[in-house]
Amino acid sequence: MKTIALVMIVKNEERCLKRCLDSVKGIVDKIIIVDTGSQDRTLDIARASGADVYTYTWKNDFADARNYALSHSDADWNLILDADEYISSGTREDIAPFLESEPRLGSIYIRNVYMDEGEKSYNQSKTIRLLPKGVKFTGKIHEQADSSLPCVLLPILVEHDGYLHTGKKEKRNLPYMLQELQKQPHNPYLLYKIAGSYQTLKDEEKALKTFREFYSQVPPTASYRAKGVVGYLFSLMTHKKFAEILEIIKQEETALKDYASFHFFCGVFYMQLILSDTARYIQYLPKIEQSYLRCLEIGENTKDEEDMGVGTYKAAYNLGTWYEVSGSVEKARKYYQEAAEQGYAKARERLMQMNGEL
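Residue numbers (our numbering): 1026 to 1383.
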């Protein structure tokens, strides 16, 4: 039987390390943890779990640290997790056929939770986290598996709550990304990640400048392009660049026609646009309804990295809001109910308020 090791790099992770290690019980055969300078109870928690613990002098290079950790594993397969992640779905049995087959790269689902305007929101992406023996990482920041082996999507779901601590990772990673950008000034993926970090850190001027450069460089087939374009549009909206947004929407309406986040943005934007100058932009009024209906037509997207809910409960809730302010109370109730049935608390609250008003 093939063996699996959990291989991690950590620093000051007493908040969440035990949760992560508990989640892999029954899946991995051994745990290898490399500490990069913890000053809390991280090492005690790691040792109590039975992990093999090593220390590493940080060199501002994530790939080097991960490869150092991998060098201590003799397992057939290596599972890579961060301490603020944990497996919520999937078992050893689920991946057993993959483990016994020829060497390939294993991709899993990561569901990120973050705060958006005071409420928890989620997005889901796929990333390579199960590596056969001998495969290492490359890249000082946002490191990736250095291999041309084929990739297989596995039935494993990992929850990640690190983004709830707003700005922590962005503040840590931004200097490394900027160093890499000096070497690769036209790297669209770096520009995309840097722009998003500036956006999270509320440095709106730098965010917009970097998004502009990203948009000029990103190839049309890049997997992250759609999410980057939507981020760019939101950045433009923060700066009230309405004419520019209208032009980009026109340019992107074909390329992003099946991307719910794009249409969700459009629904939000057309409302702001009309409120900014009703007489001038009243012709865009029908597009609010059309945008959210298109979101619901597309539905939830689990194939690409997209915010969860923009094709389901969030779109239904916003559509309900639109119908309510338009005087279509029964339509509003219908879409609030749809969102509430999908577990959206704001929709349940609004339904209760409407019932109390009658």
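Idealized CB from N, CA, C, for every residue including glycine.
For the options Leu1300, His1288, Leu1046, the alpha carbon positioned closest to that of Leu1318 is the one of His1288. In the structure shown, Arg1136 adopts extended strand secondary structure according to DSSP, grouped into three states. For the pair Glu1269 and Ser1260, the Cα-to-Cα distance works out to about 11 angstroms. The three-state secondary structure of His1185, taken from DSSP, is strand. DSSP, reduced to helix, strand and coil, places Val1335 outside both helices and strands of the structure shown, so it counts as coil. Scanning Tyr1217, Glu1278, Leu1271 for the CA closest to the CA of Gly1256 turns up Tyr1217. In this structure, Ala1030 sits away from Val1059, with a CB-CB distance that is not shorter than 9 angstroms.
Residue pairing from DSSP places Ile1058 in a beta bridge opposite Met1033, Val1078. Taking C-alpha positions only, Gly1381 is separated from Ala1341 by approximately 21 angstroms. In the three-state reduction of the DSSP assignment, Ser1113 falls in the strand class, which pools E and B.
According to the DSSP assignment, Pro1200 belongs to no beta strand (DSSP E) but to the alpha helix (DSSP H) extending over 1193–1208.
Annotation: the continuous beta strand (DSSP E) that includes Glu1144 extends over 1144–1157.
According to the DSSP assignment, Ile1307 belongs to no alpha helix (DSSP H), since it is labelled neither H nor E. Shown here, Gly1221 sits in a helix according to DSSP, grouped into three states. Looking at the DSSP output, Trp1102 bridges to Ile1029, Pro1157.
Shown here for Cys1041: same chain residues with a beta carbon closer than 6 angstroms to its own, the five before and five after excluded, namely Ala1108, Asp1109 in chain order. For Ala1232, the closest C-alpha among the options Val1254, Ala1357, Arg1197, Leu1124 is that of Val1254.
Of the residues Asp1283, Lys1275, Ser1301, Ile1135, the one whose Cα lies closest to the Cα of Val1335 is Asp1283. Under the three-state reduction of DSSP, Cys1176 is assigned to strand. Per DSSP, the beta-bridge partners of Gly1131 are Leu1155, Val1177. Taking 4 residues as the shortest admissible run, the stretch 1228–1300 contains the following complete alpha helix (DSSP H) segments, listed from N- to C-terminal end: 1229–1242, 1250–1263, 1267–1277. Closest by C-alpha distance to Lys1055, out of Gly1187, Gly1324, Trp1102, Thr1080, is Trp1102. Judged by beta-carbon spacing, Gly1345 lies within the 9 angstroms limit of Arg1358, meaning their Cβ atoms are closer than that value. In the DSSP assignment, Arg1091 falls within the alpha helix (DSSP H) that extends over 1087–1095. By the Cβ neighbour-count rule, Asn1085 is exposed, with fewer than 16 other Cβ atoms within 10 Å of its own.
Beyond the five residues adjoining it in sequence on each side, Leu1376 comes within less than 8 angstroms, by CB distance, of Arg1358, Tyr1361, Gln1362, Ala1365 in the same chain, given in chain order. Each of Tyr1306, Thr1235, Leu1206 was checked against the Cα of His1167, and the nearest Cα belongs to Leu1206. Looking from the CA of Ser1113, the closest CA among Glu1038, Ser1173, His1185 belongs to His1185. Between Lys1050 and the set Ser1074, Leu1203, Tyr1295, the nearest pair of CA atoms involves Ser1074. The C-alpha of Ser1172 is placed about 29 angstroms away from the C-alpha of Phe1236.
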